[in-house]
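A.B. asks: Just dropping this structure here.
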Ligand code: UDP
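Residue numbers (the working numbering): 93 to 450.
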């Protein structure tokens, strides 16, 4: 059984780390990794491969920095070439980026079955590039590995065959458990930044809907300023470039730092008093580490955390950010368990060894 895994962006490296580890213990599966190059600098890519001990990519397309259309088109071409040469039994893709969609389209046209990890999520906002990528990938996939109950229902409502969808849990929960203890041991980020536990808010910001619209970006920074909290903000390269382009400066209570590695991020998350984010992954990690969260978006794919009281939505232009941050401080939610048993990667690896159609 041979699998070609396509990754390209930071959250995919973290998800692939746990699944590749689970695959590597099954001698019947041979995995090769293809890196599209979507995220290419050391802070966003190489560091994750090293820190999370992800196998070196066998192929690197070096495609990044262009528009959605340019990137996706070039990726499809590059992935197709590798697929024609390698003829794997499965193509494995993660999440909702241009790399995910390009992998799915290249494979499905060659009749190579596609397995989609983190399938079935929906924001129901078709203006988000991520929503288009995940909907189309799910419809091209043979096997959909859903992290939550909602992610099982959504594809069924779109007419995708029930048999194709398996609820396995969330591989990011596996990652939080697996790397959480290591982070405690090896990360020196709190010392480096001179931070006491539970004395700061951790924020991240990178969704195009927030960063590419100067009014929304400025409104979020104003909300941060008005909160009066000490805020640590690891800056995604896109956010950094938009701040410069729009001539916006961070408020005094917000400390921008370069993007951090996953282990440092886990340490920052666990010790934050609150997390404010527009990231999908970080919303869940807040819950995994039992930290309250404010999500700086109009909607979320992880609806169960809003329902359980762990997460509150505060859209950029709502004027609600300072109040949401204030009221979430020190709060918690219901004791729920929506993301599996921490064995999602093992279940995925096991499922991939079962031949298609059986
Ligand atoms: N992350 C990281 N360093 C950072 C910011 C985020 O390691 O400086 C991790 C974070 O812990 C999570 C993942 O990156 O596991 C989330 O990625 P991102 O927010 O870029 O994408 P999304 O989850 O929104 O697709």
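Where a beta carbon is used, it is the ideal one built from N, C-alpha and C, also for glycine.
(1) Counting only the same chain and skipping the five closest in sequence on each side, list residues whose C-beta sits under 7 Å from that of residue 334.
(2) If residue 383 sits next to residue 367, beta carbons under 8 Å apart, how far is it from one beta carbon to the other, in whole angstroms?
(3) For residue 450, collect the residues of the same chain with a Cβ closer than 6 Å to its Cβ; drop the 5 residues on either side in sequence, then sort them by chain order.
(4) What are the complete alpha helix (DSSP H) segments, minimum 4 residues, inside the region 105–155?
(5) Does DSSP put residue 208 in a helix, in a strand, or in coil?
(6) What I want to know is whether the C-beta of residue 102 ends up closer than 7 Å to one or more non-hydrogen atoms of the ligand UDP.
(7) Helix or strand or just coil, what does DSSP make of residue 216?
(8) Can you look up residue 386 in the DSSP assignment and give me helix, strand or coil?
(9) For residue 260, report the span of its alpha helix (DSSP H) as first-last.
(10) So, helix, strand or coil for residue 102, using DSSP?
(11) For residue 351, count neighbouring Cβ atoms within 10 angstroms of its own Cβ and tell me buried if that reaches 16, exposed if not.
(12) Going straight from the alpha carbon of residue 233 to that of residue 195, what length do you get?
(13) Just how far apart, CA to CA, sit residue 150 and residue 214?
(14) Roughly how many angstroms separate the alpha carbons of residue 236 and residue 324, rounded to a whole number?
(15) Whose C-beta lies closer than 6 Å to the C-beta of residue 370 among residues of the same chain, with five residues either side of it excluded?
(16) With respect to 7 Å, is the separation between the Cβ of residue 431 and the closest non-hydrogen atom of the ligand UDP below this value?
(17) Using 7 Å as the cut-off, classify the Cβ of residue 351 as near or not near the heavy atoms of the ligand UDP, replying yes or no.
(18) Where in the region 357–384 do unbroken runs of the beta strand (DSSP E), each at least 3 residues long, occur, reported from the N-terminal end onward?
(19) Are there any heavy atoms of the ligand UDP lying less than 7 Å away from the beta-carbon of residue 371, as far as the coordinates show?
(20) For residue 343, I'd like the list of residues in its chain whose CB is within less than 7 Å of its CB, leaving aside the five on either flank, ordered along the chain.
(21) Considering residue 183, what are the terminal residues of the beta strand (DSSP E) in which it resides?
(22) Pick helix, strand or coil for residue 95, following the three-state DSSP scheme.
(23) Could you tell me the boundaries of the alpha helix (DSSP H) in which residue 302 lies?
(24) Under 7 Å: does the beta carbon of residue 417 sit that close to some heavy atom of the ligand UDP?
(25) Which residue comes first and which comes last in the alpha helix (DSSP H) that contains residue 315?
(26) Can you give the beta carbon distance from residue 422 to residue 264, rounded, assuming they're within the 8 Å contact cut?
(27) Output the boundary residues of the alpha helix (DSSP H) element that contains residue 464.
(28) From the DSSP output, read off the bridge partner residues of residue 349.
(29) Closer than 7 Å: is that where the CB of residue 377 sits relative to any heavy atom of the ligand UDP?
(30) What is the DSSP secondary structure of residue 403, counted as helix, strand or coil?
(31) Answer yes if the region 119–136 comes into contact with the region 151–166, meaning at least three C-beta pairs across the two stretches below 8 Å, and no otherwise.
(32) Please indicate yes or no: does the CB of residue 354 lie closer than 7 Å to some heavy atom of the ligand UDP?
(33) Taking the alpha-carbon of residue 359 as reference, which of 395, 438 and 279 has the nearest alpha-carbon?
(34) State buried or exposed for residue 176, treating a residue as buried only when at least 16 other CB atoms are found within 10 Å of its CB.
(35) Using only alpha-carbon positions, find the residue among 292, 110, 120 and 275 that is nearest to residue 445.
(36) Taking only three categories from DSSP, how would you classify residue 295?
C.D. replies: Short version:
(1) Counting only residues of its own chain and dropping the five nearest sequence neighbours on each side, residue 334 has a CB closer than 7 Å to the CB of 303, 304 and 309.
(2) Taking the Cβ atoms as the reference, residue 383 lies roughly 5 Å from residue 367, within the contact range of under 8 Å.
(3) Confidence is the limiting factor: at residue 450 the pLDDT is only 49, short of 50, which leaves the residue's position unreliable and the question unanswerable from this model.
(4) With a minimum length of 4 residues, the continuous alpha helix (DSSP H) runs that stay inside the region 105–155 are 138–143.
(5) Residue 208 falls in the strand class under three-state DSSP.
(6) Yes, the beta carbon of residue 102 sits closer than 7 Å to at least one heavy atom of the ligand UDP.
(7) Of the three classes helix, strand and coil, the one that applies to residue 216 here is coil, per DSSP.
(8) In the structure shown, residue 386 sits in a strand (DSSP, three-state: E or B).
(9) Looking at the DSSP string, residue 260 is not in any alpha helix (DSSP H), and its letter there is neither H nor E.
(10) Residue 102 falls in the helix class under three-state DSSP.
(11) A residue is called buried once 16 or more other Cβ atoms fall within 10 Å of its Cβ, and residue 351 is buried on that count.
(12) For residue 233 and residue 195, the distance between alpha carbons rounds to 11 Å.
(13) Their Cα atoms are separated by approximately 32 Å.
(14) Straight-line Cα distance between these residues: approximately 36 Å.
(15) So the list reads 297, 299, 302, 388 and 389, once near-sequence residues are dropped.
(16) In this structure, residue 431 has its beta carbon at no less than 7 Å from each heavy atom of the ligand UDP.
(17) The ligand UDP approaches residue 351 closely enough that one of its heavy atoms is under 7 Å from the residue's Cβ.
(18) Counting whole runs of 3 or more residues, the region 357–384 contains the beta strand (DSSP E) stretches 366–369.
(19) Under cutoff, so the answer is yes.
(20) The residues are 313, 316 and 317.
(21) Taken as a continuous stretch (DSSP letters only), the beta strand (DSSP E) holding residue 183 covers 182–186.
(22) In this structure, residue 95 counts as strand in the three-state DSSP scheme.
(23) For residue 302, the enclosing alpha helix (DSSP H) starts and ends at 300–303.
(24) No; taking the cut-off as 7 Å, the Cβ of residue 417 has no heavy atom of the ligand UDP nearer than that.
(25) Taken as a continuous stretch (DSSP letters only), the alpha helix (DSSP H) holding residue 315 covers 306–319.
(26) Incorrect: roughly 25 Å between the Cβ atoms, too far for contact.
(27) No statement about residue 464 is possible, as the shown extent of the chain runs from 93 to 450 and does not include it.
(28) Answer by DSSP bridge pairing, in chain order: 326.
(29) True, at least one ligand heavy atom lies under 7 Å from that Cβ.
(30) Strand, per DSSP.
(31) The answer is yes - the region 119–136 touches the region 151–166, with three or more Cβ pairs under 8 Å.
(32) A heavy atom of the ligand UDP is found nearer than 7 Å to the CB of residue 354.
(33) The residue with the shortest Cα to Cα distance from residue 359 is 279.
(34) Of the other Cβ atoms in all chains shown, fewer than 16 fall within 10 Å of the Cβ of residue 176; this residue is therefore exposed.
(35) Residue 120 holds the alpha-carbon nearest to the alpha-carbon of residue 445 among 292, 110, 120 and 275.
(36) In the three-state reduction of the DSSP assignment, residue 295 falls in the strand class.
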